[in-house]
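Chemist:
Numbering (our numbering), first residue to last: 15 to 357.
Structure, rendered in structure tokens:
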């Protein structure tokens with residue numbers, strides 16, 4: 015098994031470049047998500063594991079300290095694997111991450127089904143999150159042919175309607191979208207981000223990493239969606255549709271427009287933001303109509319405090335220069351599309 019070393023990443027640019035090495039990562043591992051979630055007693059800890067001097071995995075952990083030095087940590091949908099792990103490497107890296115959190119109980123939600131969690135022998139405390147992953151590396155024609163027939167027909171009808179599809183960054187339309195999304199969430203009763211966190215995440219995002227599309231009829235918003243990019247992935251984070259928007263099938267058009275823009279920006283995968291077949295069956299059916307792959311994650315596991323403690327060193331200052339420059343080497347291998355989301 016390769017030798018493993020762990021470093022703390024302090025540069026947003028380096029974190030971005032590390033996530034770019036993975037075909038798929040979760041929004042909860044984005045730098046902006048950590049910044050939005052951090053508070054007075056909670057901070058985001060970002061680590062990268064090097065195996066034989068090369069980046070193998072990275073993880074963002076939200077760590078909260080309590081009196082007497084006790085802590086609670088959340089590692090949500092991490093680590094992000096930057097290449098296929100070697101035999102035994104997953105367990106070794108997870109153990110190393112755990113060792114950086116002294117006197118801390120960790121709640122770990124892996125971004126896989128159950129393989130690593132079962133092998134590690136941890137106790138599951140929550141059942142898994144279900145979502146749909148859409149592979150955006152496919153051509154537009156293949157993506158369109160993969161739509162459910164009824165979904166595709168609704169998209170065709172929406173494309174025939176005279177609507178203004180506008181990208182917004184603030185103002186009345188965004189406020190309407192956020193508040194309408196919250197009203198629908200409360201009415202239906204499903205779990206989702208609060209208006210405060212939706213706005214905080216938008217503030218924390220780097221330019222070009224959040225896409226907000228609003229459909230307007232006669233200058234009035236009737237539907238809208240928020241999509242956040244992270245690494246080579248993106249997540250459909252929030253959305254709403256008025257009664258008039260449903261009549262016009264606006265959400266079909268908005269999501270398809272977002273998918274095309276994400277493809278143009280080089281995004282490889284889209285997480286459709288979770289499905290709940292019990293409390294939000296209609297929303298689940300709508301998302302399934304996009305033809306992606308349904309996934310149910312392993313759940314959340316409780317990891318006890320470590321017996322030995324590992325002191326983190328700085329990735330920028332102490333890691334081998336070859337590891338810090340790995341993304342620059344990747345860029346030289348072939349052209350990378352770096353288009354902004356704005357059209």
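Just so it is clear, CB atoms sit at the ideal spot from N, CA and C, and this is done for glycine as well.
Have a look at 75, 38 and 176 and flag the residue whose alpha-carbon is nearest the alpha-carbon of residue 149.
Modeler: 38
Chemist: Say whether the region 166–184 touches the region 262–271, bearing in mind that this needs 3 or more beta-carbon pairs closer than 8 Å, one atom from each stretch.
Modeler: yes
Chemist: Please work out which residues of its chain come closer than 7 Å, Cβ to Cβ, to residue 215, disregarding the five sequence neighbours upstream and downstream, and give them in chain order.
Modeler: For residue 215, where only same-chain residues beyond five positions count, the Cβ hits under 7 Å are 46, 47, 50 and 242.
Chemist: Hey, residue 306 and residue 152: beta-carbon distance below 8 Å or not?
Modeler: no
Chemist: Just mark residue 19 as buried or exposed, buried being the case when its beta carbon has 16 or more other beta carbons within 10 Å.
Modeler: buried
Chemist: Between which residues of its own chain and residue 276 is the CB-CB distance below 8 Å, once the five residues before and five after are set aside?
Modeler: 150, 225, 241, 243, 248, 284 and 355
Chemist: Under 6 Å Cβ to Cβ from residue 42, same chain only, skipping five residues before and after it: list those, please.
Modeler: Within the same chain, and ignoring the five residues on either side of residue 42 in sequence, the residues whose Cβ sits closer than 6 Å to its Cβ are 90 and 91.
Chemist: Name the two residues that bound the continuous alpha helix (DSSP H) containing residue 323.
Modeler: Taken as a continuous stretch (DSSP letters only), residue 323 belongs to no alpha helix (DSSP H), as it is neither H nor E.
Chemist: When the Cα atoms are used, what is the spatial distance from residue 154 to residue 323?
Modeler: Whole-angstrom Cα-Cα distance: 50 Å.
Chemist: Rank 213, 93 and 205 by C-alpha distance to the C-alpha of residue 192 and give the top, closest one.
Modeler: 213
Chemist: Would you tell me roughly how many angstroms separate the C-alpha atoms of residue 372 and residue 17, rounded to the nearest one?
Modeler: Outside the shown range of the chain (15 to 357) lies residue 372, about which nothing can therefore be said.
Chemist: What residues are listed by DSSP as bridge partners for residue 73?
Modeler: In DSSP, residue 73 forms a bridge with 61.
Chemist: Would you report the Cα separation of residue 44 and residue 61, rounded to the nearest angstrom?
Modeler: Taking the CA atoms as reference points, residue 44 sits about 12 Å from residue 61.
Chemist: Could you check the C-alpha separation between residue 171 and residue 258 for me, to the nearest Å?
Modeler: 14 Å
Chemist: Look up residue 352 in the DSSP assignment and say whether it is helix, strand or coil.
Modeler: Only weak support is given to the placement of residue 352: the predicted model assigns it a pLDDT of 37, under 50, and the value that follows is read from those uncertain coordinates. Here DSSP, grouped into helix, strand and coil, assigns residue 352 to coil.
Chemist: Sort 136, 81 and 77 by Cα distance to residue 105 and report the nearest one.
Modeler: 136
Chemist: Can you list, in chain order, the residues of its chain whose CB lies under 7 Å from that of residue 113, leaving out five sequence neighbours each side?
Modeler: 320, 322, 323 and 324
Chemist: What first and last residue would you give for the alpha helix (DSSP H) that runs through residue 174?
Modeler: 163–174
Chemist: Who are the near neighbours of residue 256 in its chain, counting only those whose CB is closer than 6 Å to its CB and skipping five residues on each side?
Modeler: Once the five neighbours on either side are set aside, the close Cβ partners of residue 256 are 236.
Chemist: Give the DSSP-derived three-state secondary structure of residue 186 in the structure shown.
Modeler: helix
Chemist: Tell me residue 178's beta-bridge partners as DSSP assigns them.
Modeler: 230
Chemist: Given that a residue counts as buried once 16 or more other Cβ atoms are within 10 Å of its Cβ, and exposed if not, what is residue 84?
Modeler: exposed
Chemist: Could you spell out the range, first to last residue, of the beta strand (DSSP E) harbouring residue 292?
Modeler: Residue 292 -> no beta strand (DSSP E), and no H or E assigned at all.
Chemist: Whole angstroms are fine: how far does the CA of residue 100 sit from the CA of residue 64?
Modeler: CA-CA distance, residue 64 to residue 100, rounds to 12 Å.
Chemist: Could you tell me the alpha carbon to alpha carbon distance between residue 166 and residue 127, rounded to whole angstroms?
Modeler: 30 Å
Chemist: Verify whether the separation of the beta carbon atoms of residue 229 and residue 238 is less than 8 Å.
Modeler: Result yes, Cβ atoms of residue 229 and residue 238 sit closer than 8 Å.
Chemist: Checking the sheet assignment: what are the DSSP bridge partners for residue 21?
Modeler: In the DSSP assignment, residue 21 forms a beta bridge with 62 and 327.
Chemist: Just the C-alpha distance for residue 160 and residue 54, rounded to the nearest angstrom, thanks.
Modeler: Each residue's alpha carbon lies about 46 Å from the other.
Chemist: Beta carbon of residue 359, beta carbon of residue 56: below 8 Å?
Modeler: Lying before the first or after the last residue shown, residue 359 is absent from the chain, which here runs from 15 to 357.
Chemist: Using the Cα positions of residue 260 and residue 297, report the straight-line distance between them to the nearest angstrom.
Modeler: Cα to Cα, the separation comes out at about 12 Å.
Chemist: Straight-line CA distance for residue 337 to residue 97?
Modeler: Whole-angstrom Cα-Cα distance: 14 Å.
Chemist: Can you tell me whether DSSP reads residue 43 as helix, strand or coil?
Modeler: In the structure shown, residue 43 sits in a helix (DSSP, three-state: H, G or I).
Chemist: Based on DSSP bridge pairs, tell me the residues matched to residue 244.
Modeler: Partner(s): 247.
Chemist: I need the boundaries of the beta strand (DSSP E) containing residue 209, first residue and last residue.
Modeler: Counting along the chain, residue 209 sits inside no beta strand (DSSP E); it lies in the alpha helix (DSSP H) bounded by residues 209–218.
Chemist: Mapping the DSSP letters down to three states, classify residue 153 as helix, strand or coil.
Modeler: coil
Chemist: Residues in the same chain with beta-carbon distance under 7 Å from residue 211, minus the five sequence neighbours each way, listed in chain order, please.
Modeler: 50
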